[in-house]
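Chains as they are written, first to last, in the working numbering: chain A, 433 to 764; chain B, 76 to 401; chain C, 12 to 340. Comments concern the structure below.
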Amino acid sequence: MSGTAADRRPLLEVRDLTVHFPVRSGVFSRVSAWVRAVDGISFDLAAGETLGLVGESGCGKTTAGRAVLRLLEPTSGQVVFDGRDLIRMNRRELRATRPRMQIVFQDPYASLNPRMTVGDIVGEPLRAHGLARGSEFDDRVAALLERVGLQASYRFRYPHEFSGGQRQRVGIARALALSPELIVCDEAISALDVSIQAQILNLLQDLQDEYGLSYLFISHDLSVVEHIADRVAVMYLGQFVELAPVAELFREPQHPYTQALMSANPVPDPGARVVRIPLEGDVPTPLRPPPGCRFHTRCPRVMDACRTHEPPHIRTAVGSSVHETWCHLYAG
Amino acid sequence: MSAAPGHVVAEPAGGPLRASESPLQQAWRMLRRDRLAMAGLAVLALLAVAAGAGKVLTEWYVVFDPAAVRLPEKLRAPLSVADAERVAPEDLPALGIYLLGTDELGRDVFARMLQGSFVSLSIGFVAVGISVAIGILIGGLSGYYGNVKLGFITVDTLLMRFTDVMLSFPTFFLILTVVALLPPSIYNIMIVIGVTSWMGTARLVRGEFLSLREQDFVVAAQALGLPERRIIFRHMVPNAIAPVLVSATIGVASAILTESALSFLGFGVQPPDATWGNILADGRSFIFDAPWLFFVPGAAILVVVLAFNLLGEGLREALNPKLRSR
Amino acid sequence: MGGAAGALLEVRDLHVSFDTEAGAVPAVRGVDLRVQRGETLAVVGESGCGKSVTALAILRLLDPSGRIERGAVRFDGQDLLGLSEPEMRALRGRRIGMVFQEPMTSLNPVFTVGDQIGEVLAIHRGLGKRERRAEAIRLLEKVGIPAAAERVDQYPHEMSGGMKQRVMIAIAIACEPEVLIADEPTTALDVTVQAQILDLLRALQQEMRMAIVLITHNLGVVAQFAQRVLVMYAGKIVERSDVATLFREPLHPYTRALLRALPSRSAHAERLVSIAGTVPSPLEYPPGCAFCARCPDVLPRCADDEPRLEGVEAGHAVACWLHAGTGAR
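Rendered as structure tokens:
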């Protein structure tokens, strides 16, 4: 599906997206430092495509997902959605664009308002945007619930009466209510048990096939991303280290961090003897990211240049797509 | 470790088989099982009836006259029968009995307590209403629009430092000073107590709003492009209200105490209007001759304050989702 | 199967229930397990299956609402359920170590990590102040914390999640326990840190010949780390096997479905085989097999007749009517 999509203009073009959070202190809450959560990431997402965004906790992937939807204000950069830059939109324009892009969250307990019935939760967007009322409203809510595999009669029940997987379905139904083109899945299946994960993954894939949705699929789980994504971006300390089509990335990971991440992923096969690339130490704080390549403090193949110079952006053509790496190893 | 029972109850919800129950119904079910809280609620219901009846029967259809002075009948003990020969027929108490005795002017203590219960209770509720309204407004502004800049400081900093300043006043002396300057009417007392007791609520609401703003369902509402009004009033306020309700319940008790203390010191509601505080104050000179003058209002204040506190504690348990199975 | 004499820790027919609003809820319904010296036994299952409760029951650390209804827990010949609380305390942390999921909350924030390691050393090994500090530094070095001599004076909030879990492990192994019970020790950690922690546990195990009971939901961790595995569902063991056999030839329909539901074991973008429905509520366990309502291969008798855990071949047992009587005992 990404083959045809590449000819057209991508649905989403993100350029140099940067999000810095102020750290405040003192009586008058002066800004004393900046957390560089996302530091200049760029990518495209075609209609109907799934881009996986992987990285460990604190790498900025969740912040990136929310900044793309402008649920928090980026410090700089562009997010061009269907030809228009979201960052420059005023509130009214943004509100009018919101229905076209939605989000599904990790925690099925925190993502639903405990004081509203499931029917109200799913129907609220329809009502707020004046899309349906009366019996048509009821029909739409029933259809949405059924589409995600819940009985329409559940609409009068409250979230606390449902299991984690069922709540996640409600969250998906709410996201679908406004017929979006893009859904950011922020660790959408991480809190679920394996068998329930499979149900939700299948549901997401069915919905994509049916409505041509684009997903920005944020996850820490490499196996899940390998399964669902068309292309994968690997993030470390606020920046991309590698971005490639999924098969290519898993066959031939280039960046030492990607390699380490893959070797650390426990394969559910006792026979598989993975050569582990051990990583030393911990992720540095995003308050003071290391100079040069941010990974150099832990990289098993670190060179002198890595400590002082920003890594080059290496692009290699792979079929109709591109394998991008930010690493000194592949320079020149 | 405490996750152990959660493991059992959390996931296998199986599917909603039980009858649907809203969070409010659920809280009510929890509350109903708390005997102490229900006892408190019963006392308060009784008090509410008494206060309503007090208003009606002492001012509109005067069955119990709190103002009638019967000097010959002063300091009669509770349950003593009125002497029809010494008192004018229009001044005879209802049923001809002084249920709770009489005071040093021969006024019927029961009638005065009835009148006072309405005054005390309405001071408690109105004062808390004012303090909760200010608290929600300031706390809500601070929590939701906290990051908006006003010159060199943020809204949050400004409002919270103001709250700190208010908190650092010794409230009771502030009230005393203000009351000494203003005419001592019941309305002024309500307002003064309300305006000096909102700080706790403001901090509470700010904290709730700050954490709610990060909650996924609020972010989801923003992503859906819902209007800000709706996000605040539909998604945030209902979820922030539980702790406010708890503190308001306890706040009513402390407002009643404050009013009693003020009246006791003579700065509160002025005679001939009765409140529990000034009945108590009048009674203190006769503590050995007529102990009921002291004990009746004292016990009433004690029981009511206790009832509010028990109910407040019960509400805290019932409304706290962490204590419930999800 | 190894003789009873060889088992260091043995649990027989363990039943645990919790008192709730709705009455007594069964959480563990007849679990048997044995661990030998130096081996790693994984207990795997989804949330609510009773795996953590089993671990807590072995340690007698259940919440007040939890109750061991019946069963036996024997450790090195002693009946743990018959011990007094002081005797049990003397055993916990000294001969039986434990590591829990949340490194963030398992450490006391107001003491330095050195103090917290030292506490165990003082109680169980009676070391003096100076010896405690030296030993704490040695233990921190052993669990791979760099600059241990400085780290020993730090507070938990100055450390990352992986570091804290290393400290927890240092505390757990301070007395060289014979068994280590690890309840989801890596679940809260990132994969690269998880790999470090598992490597560490493996190295410590080899050095100290410690038995490890690993409670986890992660089949990848099981495959890479354990020798034998118990699969739990709805409070019961449905399959018991060595790890290689389980992943090569799972027998119970639940195990099979669980393995097929793993995204890493199916091709890209292929539909995953999911298990329909959800786990039954503990209040509504059927009289027969608890998996029968979701089982693709259900037989008429499954709903009413409870299958027993039966050996199918050496070291491989399954509780399922499909395989009943096929065992070459």
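The C-beta atom is built at its ideal place from N, Cα and C for all residues, glycine as well. Since the model is a prediction, treat every value here as computed from it, not as a measurement.
Thinking C-alpha only, which one of the options is nearest residue i?
i, options, result
"D662/A", "L669/A, Q640/A, G670/A, V673/A", "Q640/A"
"I306/B", "N545/A, P732/A, P677/A, G566/A", "N545/A"
"R516/A", "I535/A, L526/A, W466/A", "L526/A"
"Q598/A", "V290/C, G322/C, S277/C, E218/C", "V290/C"
"V232/C", "V707/A, S651/A, N697/A, I615/A", "N697/A"
"H728/A", "V673/A, E756/A, A679/A, M694/A", "V673/A"
"L404/B", "L175/B, F227/B, M241/B, A375/B", "The structure shown does not extend to residue 404/B, since chain B is modelled only from 76 through 401, so no value can be given for it."
"G389/B", "D109/B, I172/B, V319/B", "D109/B"
"G373/B", "G171/B, W351/B, T133/B", "W351/B"
"A35/C", "G56/C, I79/C, F236/C", "I79/C"
"D24/C", "I128/C, R81/C, L191/C, Q176/C", "R81/C"
"F594/A", "R726/A, V657/A, A542/A, S457/A", "A542/A"
"R462/A", "A330/B, L386/B, G226/B", "G226/B"
"S622/A", "R601/A, Y647/A, V656/A", "V656/A"
"F244/B", "R309/B, Y262/B, I228/B, T271/B", "T271/B"
"T494/A", "Q686/A, S585/A, V451/A", "V451/A"
Could you list which residues in chain B have their beta carbon closer than 7 Å to that of residue i, in chain order?
i, result
"R720/A", "Ordered by position in chain B, no residue passes the 7 Å Cβ test against R720/A, which lies about 24 Å from the chain."
Tell me, please, which residues DSSP counts as bridged to residue i.
i, result
"G484/A", "F649/A, V664/A"
"K247/C", "Y244/C"
"I107/C", "R103/C, V190/C"
"D253/C", "R239/C"
"S457/A", "R462/A"
"D471/A", "T450/A"
"S155/B", "Y173/B"
"T227/C", "V55/C"
"S508/A", "T450/A"
"G77/C", "F29/C"
Determine the chain C residues that contact residue i at a beta-carbon separation under 9 Å, and present them in chain order.
i, result
"Q600/A", "Residues of chain C passing the Cβ test: none, with the nearest at roughly 12 Å."
"G597/A", "T289"
"A605/A", "Within chain C, no residue comes near A605/A; the closest Cβ sits about 17 Å away, beyond 9 Å."
"E658/A", "P274, S275, H279"
How would you list, in chain order, the residues of chain A whose beta-carbon sits under 8 Å from the beta-carbon of residue i?
i, result
"G231/C", "S655, N697, P698, V699, P700"
"G173/C", "D714"
"N314/B", "N545, P546, R547"
Would you report the Cα separation of residue i and residue j, rounded to the nearest angstrom?
i, j, result
"A222/C", "I709/A", "27 Å"
"G581/A", "Y265/C", "22 Å"
"F339/B", "A317/B", "33 Å"
"G288/C", "P702/A", "29 Å"
"G89/B", "H652/A", "Because the pLDDT of G89/B is 41, which lies under 50, any placement of that residue in the model is unreliable, and the question is left without a value."
"P313/B", "L287/B", "11 Å"
"L118/C", "P442/A", "49 Å"
"V121/C", "L669/A", "30 Å"
"V280/B", "E152/C", "47 Å"
"T238/B", "S275/C", "55 Å"
"I148/C", "A199/C", "25 Å"
"F139/B", "A208/B", "36 Å"
"R572/A", "S58/C", "34 Å"
"F588/A", "G282/B", "31 Å"
"M533/A", "A315/B", "28 Å"
"I261/B", "F193/B", "12 Å"
"I362/B", "V230/B", "53 Å"
"L283/C", "D210/C", "31 Å"
Since residue i meets chain A, which of its residues come closer than 7 Å, beta carbon to beta carbon?
i, result
"L92/C", "Within 7 Å Cβ-Cβ: nothing; L92/C doesn't reach chain A, min ~30 Å."
"R267/C", "Residues of chain A passing the Cβ test: none, with the nearest at roughly 11 Å."
"A298/B", "L501, L503, R530, Q534, I535"
"T203/C", "E488, A692, L693, A696, L711"
Who are the neighbours of residue i on chain B, taking C-beta pairs under 8 Å?
i, result
"F537/A", "D291, V294, A295"
"A560/A", "L299, G300, L301, P302, R305"
Using the beta-carbon of each residue, which ones in chain C are nearer than 8 Å to residue i?
i, result
"P710/A", "A206, Q207, D210"
Please compile the residues from chain B whose C-beta is within a distance smaller than 9 Å of the C-beta of residue i.
i, result
"R527/A", "G300, L301, P302"
Identify the contact partners of residue i in chain C, using a Cβ-Cβ distance below 7 Å as the criterion.
i, result
"S627/A", "E57, A268, L269, A272, S285, I286"
- Query: What residue ranges within the region 229-254 of chain B form continuous alpha helix (DSSP H) runs of no fewer than 4 residues, ordered along the chain?
  - Reply: The qualifying runs are 230-243.
- Contained alpha helix (DSSP H) runs [length at least 4] in the region 313-377 of chain B, N- to C-terminal order: Complete alpha helix (DSSP H) runs here, min 4: 351-358.
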